[in-house]
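Heads up: the structure comes next, in structure tokens.
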Amino acid sequence: MKQHCIAVFGGDARQAHAAQIFLAAGWQVQLWDVPEIEGLQGEKTSDSFAQAIKDADIVLGPVPFKDYISTEELIELLQPGQIFIAGMLPKLLCETLKQAGVACYDLLLRQDFAVLNAISTAEGAIAEAISASGGNLHLCPVLVLGYGRCAKPLIKKLQGLQAHVTVATRNWDDACAAIANGCEVIDFTTMPFHLPRFGYIFNTVPAKIIDENMLQGISPEATIIDIASAPGGVDIEAAKRMGRNAHLCPSLPGKYAPRSSGECIAQTVRIILDEREGHAWGRKPKSASD
0 MKQHCIAVFG GDARQAHAAQ IFLAAGWQVQ LWDVPEIEGL QGEKTSDSFA
50 QAIKDADIVL GPVPFKDYIS TEELIELLQP GQIFIAGMLP KLLCETLKQA
100 GVACYDLLLR QDFAVLNAIS TAEGAIAEAI SASGGNLHLC PVLVLGYGRC
150 AKPLIKKLQG LQAHVTVATR NWDDACAAIA NGCEVIDFTT MPFHLPRFGY
200 IFNTVPAKII DENMLQGISP EATIIDIASA PGGVDIEAAK RMGRNAHLCP
250 SLPGKYAPRS SGECIAQTVR IILDEREGHA WGRKPKSASD
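FYI, numbering that gives the first Met the number 0 numbers position 52 of the sequence shown as 51, with every residue one higher than the one before it.
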């Protein structure tokens, strides 16, 4: 099996745990601005981004990327033939790099990574809710906004804690699926009538839904957790002015499950490389005679 040279830079402990996995697999690993964790101290750390990626065939950036390195610097330093992987990459950056001969992959646009990453997000959201409220989820009425990749594992785990889960969605097919999975459902148009009864509200929809008017209908004792990507779905500033217990919670996998999330990143990198070599999951590689 081919041994790669990978440059890992930026981010949080997820990057460090991913690097640890690559080292264990016998890869050459170059680090730049990666947090230290037990078992990774003293590994080859570069003095600059340029030095780290010089001999790498794969460059792994943070999740999310958030302009960690300027677009101009990336375009200048990445070389044709290299593979650049990170999360939440600007579309224009990916297009420019591809035109320059650099293969570019956004982890958060991949179904496999997004689904696995949602597990850590769900567990982190529940940890945030319990910590912020000081109460139990057991038998508590809980509202989850949306029924997508993040919402589904969150709902399953809330049900495992015997919370009474209601799903708000505009999509009738999603509503039927939520009902089949043991949830009550409401439409966003009728949501204001139901808001006062919920002790916890989890938002997974990346569009402003809970504005100041909506907040007025939420119980002052309720805990609101927003895990949606920017711009989020809750007017956090208005919530603070009104004294509501609302929290915007980005990057939960890195905060609560960096080791598992790092394993997910490393696994997805390996899958990307397999796909580039024409290997499909669960299938034997085609031989030259096929």
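For every residue, glycine included, the Cβ atom is placed at its ideal position computed from N, Cα and C.
* Asked: So what's residue 107 in DSSP terms, helix, strand or just coil?
  -> helix
* **Residue nearest to residue 228 in terms of C-alpha spacing, selected from 150, 273, 221, 275** => 150
* Rounded C-alpha distance that separates residue 112 from residue 269 -> 12 Å
* Asked: When DSSP labels each residue in this structure, what does residue 0 get in the three-state scheme?
  -> Low local confidence applies: a pLDDT of 48 at residue 0 is under 50, so the model's placement there is unreliable, with the coordinate-based value given in what follows. In this structure, residue 0 counts as coil in the three-state DSSP scheme.
* Asked: For residue 173, which residues of its own chain have a beta-carbon under 7 Å away from its beta-carbon, when the five flanking residues on both sides are left out?
  -> 146
* Classify residue 78 as buried or exposed, calling it buried when 16 or more other Cβ atoms lie within 10 Å of its own Cβ. => exposed
* To do: Report the rounded CA-to-CA distance for residue 206 versus residue 277, giving the unit in angstroms.
  => 38 Å
* Nearest-angstrom Cβ-Cβ length linking residue 48 and residue 68, presumed shorter than 8 Å -> Between residue 68 and residue 48 the Cβ distance is about 6 Å, and since that is below 8 Å, they are a contact.
* List the residues that DSSP assigns as beta-bridge partners of residue 183. => 165
* **Beta-carbon separation (whole angstroms), residue 290 vs residue 45, contact threshold 8 Å** => The first residue shown for the chain is 0 and the last is 289, placing residue 290 beyond what the model contains.
* To do: Starting from the C-beta of residue 197, find all residues in its chain whose C-beta is less than 8 Å away, skip the five residues before and the five after it, and write them out in chain order.
  => 140, 141, 142, 165, 217, 218, 221
* State buried or exposed for residue 10, treating a residue as buried only when at least 16 other CB atoms are found within 10 Å of its CB. => buried
* Alpha-carbon spacing of residue 345 relative to residue 185, whole angstroms -> For the chain, the structure presents residues 0 to 289; residue 345 sits outside this window and is missing.
* Endpoints, alpha helix (DSSP H) assigned at residue 212 -> 211 to 215
* CA nearest to the CA of residue 60, picked from 99, 23, 103 -> 103
* contact_flag[the region 114 to 133, the region 239 to 252] where n(CB pairs < 8 Å) is 3 or more -> Contact between the region 114 to 133 and the region 239 to 252 is established, with three or more Cβ pairs separated by less than 8 Å.
* Out of curiosity, what's the CA-to-CA distance linking residue 117 and residue 233? -> 20 Å
* To do: Could you spell out where the alpha helix (DSSP H) holding residue 273 opens and where it closes?
  => According to the DSSP assignment, residue 273 belongs to the alpha helix (DSSP H) that extends over 257 to 275.
* Decide if residue 263 is buried, meaning its Cβ has at least 16 other Cβ atoms within 10 Å, or exposed. => Classification for residue 263: buried.
* **Between the CA atoms of residue 32 and residue 258 - distance to the nearest angstrom** => 18 Å
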